[in-house]
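Numbering (the working numbering), first residue to last: -19 to 359.
Right, one structure below, let's go through it.
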């Protein structure tokens, strides 16, 4: 479960990490009133569970309370990567001298956590990591040992962070452990011109397996959901194993391992997966219709890739399911299908005979992924 920025900041503040003063509202007039309480000049920030808000126009400076109301009116209702802005956070501005990046994330492959830090934080941290990986330190953390002051000093030194960040690194680890989180991230962590260290933005992902301990959010965690999670909730009601991602290629596959491989192959073709959707062993017309319906409801999806390896459920049954699903679901985006395994030839014949103008086939996973990426980029 991802938290909104304002919720993540609350956790950080409770653990002694300094954050700018801020309040949340869902109406433009509320932004005016908050700005008046904070001294006039403020930052208005969209509250959605996705990155890239600044580049999308979801983070803006307002010079006075009237401007804060106008800015909130512009941001509320925006669509940012498929997420509708329903609330804004209005925060006091900060005079920034330097921006840093710090996070802890679970590394499932090693059974440890990974500390990731850089002296070059901010909106372009992803570009920094891709073009100059040496500027981003990745330090494994043994969960049994945790992050002591000495360990935090090693992380800060490796990333080129100033000594004042050591205490933040220790406290951020405390957030991770005590709040049952899988990810805690501060970007940017800043040093102000006055020499203070503040967390300007925060992201926290809680472990769903620890929900029984996360009593602070009450019994109904659905209150934390935004539009992206609404798709996940809709999929769950239909018995689908669906996770929304920030991409443009919708993915349907049978088996978690195959779907994970499909995500990697699509990413390797220069496109971003829009979701994880595992239909398991069932590929009936209803399952395919439900899956396509959920994926096509994501406005960020530009193409769909169905990747099925026939086993117990043969490929001809999958093809029949796709054909019948297309009779109930209006296909608005191109669909690329790759069938392999049990009765694959018969399944391909069924799809060829249907001749839907938006459906294409490919015989290999790599070829299908490339075509889905091409179609996504063309729309």
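Where is the CB? At the ideal position from N, CA and C, for every residue including glycine.
Within the continuous beta strand (DSSP E) that includes residue i, where are the two ends?
i	result
residue 103	Looking at the DSSP string, residue 103 is not in any beta strand (DSSP E), and its letter there is neither H nor E.
residue 318	315 to 321
residue 69	68 to 71
residue 5	2 to 5
Nearest to residue i by alpha carbon, out of the options?
i	options	result
residue 212	89, 195, 257, 38	257
residue 251	350, -19, 125	350
residue 12	48, 185, -6	48
residue 184	190, 194, 192, 161	161
residue 141	100, 153, 51	100
residue 291	260, 317, 265	260
residue 275	296, 265, 293, 253	253
residue 121	91, 110, 107, 112	91
residue 326	53, 304, 279, 300	300
residue 295	317, 307, 306	317
residue 78	23, 143, 34, 170	170
residue 175	75, 277, 331, 5	75
residue 50	265, 7, 355, 195	7
residue 195	144, 217, 210, 159	159
residue 29	42, 210, 2, 43	210
residue 31	104, 306, -3, 123	104
residue 306	342, 52, 267	267
Quick check: what's the CA-CA separation for residue i versus residue j?
i	j	result
residue 240	residue 302	21 Å
residue 172	residue 178	8 Å
residue 202	residue 321	With a pLDDT of 48 at residue 202, under the threshold of 50, the predicted position of this residue should be treated as unreliable, and no value is reported.
residue 86	residue -19	14 Å
residue 190	residue -17	14 Å
residue 235	residue 289	9 Å
residue 102	residue -1	16 Å
residue 214	residue 65	19 Å
residue 40	residue 182	17 Å
residue 25	residue 38	6 Å
residue 154	residue 297	51 Å
residue 46	residue 10	11 Å
residue 293	residue 125	47 Å
residue -5	residue 264	49 Å
residue 62	residue 280	6 Å
residue 330	residue 344	18 Å
residue 108	residue 115	7 Å
residue 119	residue 359	40 Å
residue 356	residue 333	25 Å
residue 89	residue 324	33 Å
residue 23	residue 348	44 Å
residue 248	residue 353	10 Å
residue 187	residue 33	24 Å
residue 246	residue 14	44 Å
residue 278	residue 315	15 Å
residue 233	residue 243	10 Å
residue 3	residue 193	26 Å
residue 43	residue 342	55 Å
From what residue to what residue does the alpha helix (DSSP H) around residue i run?
i	result
residue 134	129 to 139
residue 92	Run containing residue 92: none in the alpha helix (DSSP H); it sits in the beta strand (DSSP E), 92 to 98.
residue 241	236 to 248
residue 23	Run containing residue 23: none in the alpha helix (DSSP H); it sits in the beta strand (DSSP E), 22 to 26.
residue 259	Here residue 259 belongs to no alpha helix (DSSP H), and DSSP marks it neither H nor E.
residue 226	Note, residue 226: premise wrong, no alpha helix (DSSP H); not H, not E.
residue 274	265 to 276
residue 18	8 to 18
residue 290	Segment 283 to 290 is the beta strand (DSSP E) holding residue 290; no alpha helix (DSSP H) there.
residue -10	-15 to -6
residue 354	345 to 358
residue 341	Note, residue 341: premise wrong, no alpha helix (DSSP H); beta strand (DSSP E) at 339 to 341.
residue 194	Counting along the chain, residue 194 falls outside any alpha helix (DSSP H), and DSSP gives it neither H nor E.
Is any heavy atom of the ligand MG found at a distance shorter than 7 Å from the C-beta of residue i?
i	result
residue 60	Among the ligands in the structure shown, none appear at all, so the ligand MG cannot be discussed.
(message) Measuring CB atoms only, is the region 220 to 235 touching the region 269 to 276, in the sense that at least three cross pairs come out at less than 8 Å?
(response) Yes, the region 220 to 235 touches the region 269 to 276.
(request) Report yes or no: do the region 159 to 169 and the region 78 to 88 share at least 3 C-beta pairs separated by less than 8 Å? (result) Yes, the region 159 to 169 touches the region 78 to 88.
(request) Give a yes or no on contact between the region 16 to 26 and the region -11 to -4, applying the rule of three or more CB pairs nearer than 8 Å. (result) Taking a contact to require three or more Cβ pairs closer than 8 Å, the region 16 to 26 and the region -11 to -4 do not qualify as touching.
(request) Determine, using beta-carbon pairs with one atom in the region 279 to 290 and one in the region 226 to 233, whether at least three such pairs fall under 8 Å. (result) When C-beta atoms of the region 279 to 290 are compared with those of the region 226 to 233, three or more pairs fall below 8 Å, so the two segments count as touching.
(request) Spell out a yes or no on whether the region 112 to 129 and the region 140 to 153 are touching, meaning 3 or more CB-CB pairs, one atom from each, closer than 8 Å. (result) Touching, yes, given that three or more Cβ pairs across the two stretches are closer than 8 Å.
(request) Give a yes or no on contact between the region 63 to 70 and the region 132 to 139, applying the rule of three or more CB pairs nearer than 8 Å. (result) At 8 Å Cβ cutoff, the stretches do not touch.
(request) Answer yes if the region 297 to 315 comes into contact with the region 331 to 338, meaning at least three C-beta pairs across the two stretches below 8 Å, and no otherwise. (result) Of all C-beta pairs linking the region 331 to 338 to the region 297 to 315, three or more are shorter than 8 Å, placing the two stretches in contact.
(request) Please specify which runs of the alpha helix (DSSP H), each continuous and at least 4 residues long, are wholly inside the region 109 to 183, giving them in chain order. (result) You should have 129 to 139, 146 to 158.
(request) Please determine if the region 42 to 60 and the region 95 to 115 are in contact, where contact requires at least 3 C-beta pairs separated by less than 8 Å. (result) Because the criterion of three Cβ pairs below 8 Å is not met, the region 42 to 60 and the region 95 to 115 do not touch.
(request) Could you name each continuous alpha helix (DSSP H) segment of 4 residues or more that falls completely within the region 30 to 79, going from the start of the chain to the end? (result) For the alpha helix (DSSP H) assignment, the uninterrupted runs of no fewer than 4 residues enclosed by the region 30 to 79 are, from N- to C-terminal side, 45 to 55.
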